[in-house]
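Residue numbers (UniProt numbering): 1 to 178. Note that the Cβ used here is the ideal one computed from N, Cα and C, for glycine as well. Taking it in order: structure first as structure tokens, then the write-up.
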């Protein structure tokens, strides 16, 4: 994309700030943003949001290391947290009410995790209860959280995601901003 994706302009601000502000509309605390490559360039765009920024020194090892960094940071700041939501910075169309629905579904019981679903695919945002924290803190390499969910389908509730705008390519970005 020619620059860090998180710094792409969306609605008058950076992509990462836009998505972080969407997450902040939901009843979640603390909000931890994990940064890796280009952290020094990205961090100033999040100033004043009242969030916790965690820099993943092992970002080159893959997504698993960012998950690990994020969950460990949440637990450092809020050891008694009842769940962790994993959202990605490249989902600018994420409806804040969807995060509230994930939380409600989790609180209704019968599951230890709640995954968003688009068609047959489990997609972020994902919510994990405490039973998953050790696995998330031990995840390695490019293994994402969805792989863990697939290993324990009976423990996972799903919730349809109304809008799954995911900006992975320059074409995705062009479509979203046009």
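Cβ pair residue i, residue j closer than 8 angstroms
| i | j | result |
| --- | --- | --- |
| residue 164 | residue 123 | yes |
| residue 24 | residue 63 | no |
| residue 85 | residue 67 | no |
| residue 117 | residue 160 | yes |
| residue 125 | residue 87 | yes |
| residue 31 | residue 54 | no |
| residue 100 | residue 9 | no |
| residue 106 | residue 138 | no |
| residue 45 | residue 7 | yes |
CA-to-CA distance, residue j to residue i, given in whole angstroms
| i | j | result |
| --- | --- | --- |
| residue 109 | residue 157 | 9 angstroms |
| residue 15 | residue 22 | 11 angstroms |
| residue 128 | residue 147 | 13 angstroms |
| residue 154 | residue 112 | 9 angstroms |
| residue 79 | residue 56 | 20 angstroms |
| residue 72 | residue 152 | 22 angstroms |
| residue 2 | residue 170 | 9 angstroms |
| residue 17 | residue 131 | 30 angstroms |
| residue 104 | residue 19 | 21 angstroms |
| residue 42 | residue 58 | 17 angstroms |
| residue 38 | residue 47 | 16 angstroms |
| residue 136 | residue 98 | 22 angstroms |
| residue 74 | residue 52 | 9 angstroms |
| residue 119 | residue 150 | 15 angstroms |
| residue 143 | residue 168 | 18 angstroms |
Identity of the residues DSSP links to residue i by a beta bridge
| i | result |
| --- | --- |
| residue 85 | 127 |
| residue 116 | 123 and 159 |
| residue 68 | Its beta-bridge partners do not exist; DSSP assigns none. |
| residue 54 | 34 |
| residue 14 | 9 |
Burial state of residue i (16 or more Cβ within 10 Å)
| i | result |
| --- | --- |
| residue 121 | exposed |
| residue 60 | exposed |
| residue 89 | buried |
| residue 178 | exposed |
| residue 13 | exposed |
| residue 5 | buried |
| residue 36 | buried |
heavy atom of the ligand SAH below 7 angstroms from residue i C-beta
| i | result |
| --- | --- |
| residue 128 | Here there are no bound small molecules, and the ligand SAH is not part of this structure. |
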